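First the structure, in the form of structure tokens, and then the observations on it.
Numbering (mature numbering (1 follows the signal peptide of the UniProt record, and there is no 0)), first residue to last: -24 to -1, 1 to 138.
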């Protein structure tokens, strides 16, 4: 009786396991190709791996950026840079963690603005995976503000341009 129940349970749960594994595979960051260009500024992203970012869409499209600032500019105006797509179509956002130089979930990252560290396009939002590193960087590099993803606004980006 128990064996029959376990067999039944495994048959019922198998599709969910397969779906979960498939979903996990699709939400990983992609490698930047040598010809991938930032849709905001046109720069070749592979030249700047220490600042690279990317936005993935549910339909499989991926856009690469030379820094978090351009990624946010794109994110705030998807229709301009990717006609036919909407911010609601975004499946994942990745940014390069400043110290470890690995791609991390951009929506969970913390961003330092106003520091003395410049990216490929000048003043940049510098991403971090954890608060203590972000706060240390803020102090060590004369940062002005620390933001969560949802707190970055177009006004924040315009302050970087000054």
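By construction, the Cβ of each residue, glycine as well, lies at the ideal position given by its N, Cα and C atoms.
From a predicted model like this one, the values you see are computed outputs, not experimental measurements.
Measuring alpha carbon to alpha carbon, tell me which residue in the options is nearest residue i.
i: residue 68; options: 124, 36 and 136; result: 36
i: residue 117; options: 126, 129, 101 and 106; result: 101
i: residue 123; options: 90, 41 and 8; result: 90
i: residue 106; options: 125, 40 and 8; result: 125
i: residue 87; options: 10, 66 and 132; result: 132
i: residue 65; options: 18, 51, 75 and 24; result: 51
i: residue 47; options: 26, 60 and 70; result: 70
i: residue 92; options: 17, 115, 57 and 109; result: 115
i: residue 78; options: 57, 10, 134 and 25; result: 25
Determine the burial state of residue i: buried for a count of at least 16 other Cβ atoms within 10 Å of its Cβ, exposed for fewer.
i: residue 72; result: buried
i: residue 15; result: buried
i: residue 130; result: exposed
i: residue 99; result: buried
i: residue 45; result: buried
i: residue 85; result: buried
i: residue 127; result: exposed
Pick helix, strand or coil for residue i, following the three-state DSSP scheme.
i: residue 134; result: helix
i: residue 69; result: strand
i: residue 127; result: helix
i: residue 24; result: coil
i: residue 29; result: strand
i: residue 105; result: coil
i: residue 4; result: coil
i: residue 81; result: strand
i: residue 114; result: helix
Can you list, in chain order, the residues of its chain with a C-beta nearer than 8 Å to that of residue i? Leave out the 5 residues immediately preceding and following it.
i: residue 38; result: 6, 30, 31 and 32
i: residue 12; result: 20, 21, 22 and 40
i: residue 4; result: none
Does any CB atom of chain C fall closer than 8 Å to the CB of residue i?
i: residue 107; result: Going by chain labels, chain C is absent from the structure shown, which holds only one protein chain.
By Cβ distance below 6 Å, which residues in the same chain neighbour residue i in space, the five residues on each side in sequence not counted?
i: residue 63; result: 54
i: residue 119; result: 88, 90 and 91
Leaving out the 5 sequence neighbours to the left and right, which residues in its chain are closer than 7 Å to residue i when beta-carbon positions are compared?
i: residue 74; result: 102, 103, 104 and 113
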